[in-house]
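What follows is one structure encoded as structure tokens, with my remarks underneath.
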Amino acid sequence: MTDSEALQLLEAMIRIPSPSGQEAELADFLVHRMADWGFRAFIDEVGNAVGEVGVGPRTVVLLGHMDTVPGEIPVRYEGNRLYGRGAVDAKGPLAAFIVTAARLARRGDLPCRLVVVGCVEEEAPSSRGAFFVRERYRPDFCIVGEPSGWDGLTIGYKGSLQAVIRIEGPIGHSAHGRATAAERACDAWVRIRSGAEAFNTARPRAFDRLLPALTGLRSGGDGLTEWAELDVHLRLPPDLSPASAEAWLQEQVGEGRVTVRGAVPAWVGSRTTPLHRAFARAIRRAGGMPRYLLKTGTSDLNVVAPAWQCPALAYGPGDAAFDHTPEEHIVIEEFWRSLRVLGEVLQEIGHGVRP
Amino acid sequence: MTAVCPECEGPIRLAEDLMEGEIIPCGDCGAELEVLSVTPLKLGLAPEVQEDWGE
Chain A
1449 MTDSEALQLL EAMIRIPSPS GQEAELADFL VHRMADWGFR AFIDEVGNAV GEVGVGPRTV
1509 VLLGHMDTVP GEIPVRYEGN RLYGRGAVDA KGPLAAFIVT AARLARRGDL PCRLVVVGCV
1569 EEEAPSSRGA FFVRERYRPD FCIVGEPSGW DGLTIGYKGS LQAVIRIEGP IGHSAHGRAT
1629 AAERACDAWV RIRSGAEAFN TARPRAFDRL LPALTGLRSG GDGLTEWAEL DVHLRLPPDL
1689 SPASAEAWLQ EQVGEGRVTV RGAVPAWVGS RTTPLHRAFA RAIRRAGGMP RYLLKTGTSD
1749 LNVVAPAWQC PALAYGPGDA AFDHTPEEHI VIEEFWRSLR VLGEVLQEIG HGVRP
Chain B
2 MTAVCPECEG PIRLAEDLME GEIIPCGDCG AELEVLSVTP LKLGLAPEVQ EDWGE
């Protein structure tokens, strides 16, 4: 498969809208493409697109995701850039996985079993696709497809806790001077922010800080009672587990009821594994200097890596600064360079590596 | 092939196919070391991990 054909695959993937929960059309497209290229391809029980190639004593899982955040971006080329929703997060990395596996399979010397997975609902609190995959495989190596740049390796992600805080009470006349549910919810959010600031004292790195975000705000009533709800997203440092974060949140909001919608702990891996070494070599050979990254976001690596206990990292073309933005695009040359890096890495770890 | 950790001066055993840019751990002090050059062999503290926003 030529670089041009690889780009055509990525463009076709971007042209199929696939916000979380609506990945079926893209899954069907990918399974047919992978089957055409010799993969054993299928859609699993939760809707993940899966393609397997090669046989051997080792299994490598290439774990991407098909879903994107909402927001249509006109698909177009501008100079050396391809624009569209999912270009970097994370159809670019997933396309790179599929193309690389197809190339190795076509050469006929694939020394291991490669499992490419396009997960559903990575962008949703449920992470449904990854939780399903976590129980199905026990790979020797795992590469998660997220934008790190062609010369970057993501070795850790913050944890995450998404919750709804609900405050209720009997309704009263606003002229009576009592705090409404909406006002008490606003007060709760102020306490969350100031509590996070106190937690973050002497923590200069964003990775080590507790980062709260208010992502939704609603209120209403039925004439007798009134209510207000806050959607809160906490980004967690490695030393704050989801259970501790939930308790911390409850402490801040007092009377409010905290309902957790989804949570994963932070994860940081070693950068001295054979997998990291193979990437460092391949990036060096391609003329780059490996960069090692800790991300303030969260990915499916948080879900699978603690369970699999194998060398794992996240890698993929694209600048994560464009994640979820209206300017999301990928630099085409970067996409192609990542194909060469991935090809060399999979060859090396598939053939067996020194510990 | 052996080397000395620049942090704790403990001995480090190295693979024959070592390559510039690899990061290796010191078994004694746990420091992460980067192979700065293979010939002559030179080890240094590995570069700082960078922070990056997003996924």
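So the sequence lines, in the order shown, correspond to chains A and B.
Note that this note's numbering has the first sequence beginning at 1449, numbered continuously upward.
Note that this note's numbering has the second sequence beginning at 2, numbered continuously upward.
We put the CB at the ideal spot given by N, CA and C, even for glycine.
Just so we're clear, the structure is a prediction, and the values are computed from it rather than from any experiment.
Just how far apart, CA to CA, sit C6/B and R1729/A?
Mapped onto the second sequence, residue 6/B falls at position 5. Mapped onto the first sequence, residue 1729/A falls at position 281. Distance between the alpha carbons of C6/B and R1729/A is about 21 Å.
Contact under 8 Å by Cβ, V50/B with L1742/A:
For this step, residue 50/B is matched to residue 49 along the second sequence. For this step, residue 1742/A is matched to residue 294 along the first sequence. Yes, they are a contact pair.
Starting from Q1698/A, trace the alpha helix (DSSP H) in both directions and tell me its first and last residue.
Start at 1 with the first residue of the first sequence, and residue 1698/A comes out as number 250. P1690 to V1701 is the span of the alpha helix (DSSP H), which, as asked, contains Q1698/A.
Counted within 10 angstroms of its Cβ, other Cβ atoms place L46/B as buried (16 or more) or exposed
Sequence index remark: in the second sequence, residue 46/B carries index 45 (1-based). With fewer than 16 other Cβ atoms within 10 Å, it is exposed.
Examine chain B for any beta-carbon lying closer than 8 Å to the beta-carbon of F1579/A, and answer yes or no.
Position 131 of the first sequence, counted from the first residue, corresponds to residue 1579/A. False, the Cβ-Cβ gap to chain B never drops below 8 Å.
Just mark Q1757/A as buried or exposed, buried being the case when its beta carbon has 16 or more other beta carbons within 10 Å.
Walking along the first sequence from the start, residue 1757/A turns up at place 309. Counting Cβ neighbours within 10 Å, Q1757/A comes out exposed, since fewer than 16 surround it.
Buried or exposed: A1483/A, going by 16 or more other Cβ atoms within 10 Å of its Cβ?
Looking up residue 1483/A in the first sequence gives position 35. Looking at its Cβ environment, which holds fewer than 16 other Cβ atoms inside 10 Å, A1483/A is exposed.
Taking only runs of the alpha helix (DSSP H) that begin and end inside the stretch 1752-1803 of chain A, which ones reach a length of at least 4 residues, in chain order?
1780-1798
Inspect the beta-carbon positions of T1602/A and I24/B and report whether they are closer than 8 Å.
Taking the first sequence and counting its residues from 1, one reaches residue 1602/A at position 154. Taking the second sequence and counting its residues from 1, one reaches residue 24/B at position 23. Not closer than 8 Å, so no.
At the level of alpha carbons, what is the spacing between E1792/A and A1726/A?
In the first sequence, residue 1792/A corresponds to position 344, counting from 1. In the first sequence, residue 1726/A corresponds to position 278, counting from 1. Cα-Cα distance, rounded: 8 Å.
Since R1653/A meets chain B, which of its residues come closer than 7 Å, beta carbon to beta carbon?
Against the first sequence, residue 1653/A aligns to sequence position 205. E52, listed in chain order.
Give the residues of chain A in contact with I25/B, contact being defined as C-beta atoms less than 9 Å apart.
By 1-based counting over the second sequence, the position of residue 25/B is 24. Going along chain A in sequence order, the residues near I25/B (Cβ under 9 Å) are T1720 and R1725.
Beta-bridge partners of L1562/A, as assigned by DSSP:
Residue numbering aside, residue 1562/A sits at position 114 when the first sequence is read from its first letter. DSSP output for L1562/A lists V1501/A and V1508/A as bridge partner(s).
Is there at least one Cβ from chain A nearer than 8 Å to E33/B's Cβ?
As a first step, residue 33/B is located in the second sequence; it is residue number 32 there, counting from the start. With 8 Å as the cut-off, E33/B counts as an interface residue toward chain A.
Anything in chain A within Cβ reach of G22/B, meaning under 8 Å, just list it in chain order.
Translated into positions along the second sequence, residue 22/B becomes position 21. Per Cβ cutoff of 8 Å: A1728, R1729, I1731, R1732, M1737 and P1738.
Cα-Cα separation, M1461/A to C1560/A:
Locating residue 1461/A in the first sequence gives position 13, counting from the first residue. Locating residue 1560/A in the first sequence gives position 112, counting from the first residue. Distance between the alpha carbons of M1461/A and C1560/A is about 27 Å.
Looking at L1662/A and W1637/A, is the spacing between their C-beta atoms short of 8 Å?
Indexing the first sequence from 1 puts residue 1637/A at position 189. Indexing the first sequence from 1 puts residue 1662/A at position 214. Result yes, Cβ atoms of W1637/A and L1662/A sit closer than 8 Å.
Whose Cβ in chain B lies nearer than 7 Å to the Cβ of A1661/A?
As a first step, residue 1661/A is located in the first sequence; it is residue number 213 there, counting from the start. Here the premise fails: no neighbours, minimum Cβ distance about 12 Å.
Is it true that the CB of N1528/A sits closer than 8 Å to the CB of E1781/A?
On the first sequence, position 333 is the one that residue 1781/A refers to. On the first sequence, position 80 is the one that residue 1528/A refers to. Cβ distance < 8 Å, so E1781/A and N1528/A count as in contact.
Extent of the continuous alpha helix (DSSP H) to which T1548/A belongs
The residue labelled residue 1548/A in the question sits at position 100 within the first sequence. Per DSSP, T1548/A belongs to the alpha helix (DSSP H) from K1539 to R1555.
Is the beta carbon of V1509/A closer than 8 Å to that of P1587/A?
Within the first sequence, numbered from 1, the residue matching residue 1587/A stands at position 139. Within the first sequence, numbered from 1, the residue matching residue 1509/A stands at position 61. In this structure, V1509/A lies closer than 8 Å to P1587/A by Cβ.
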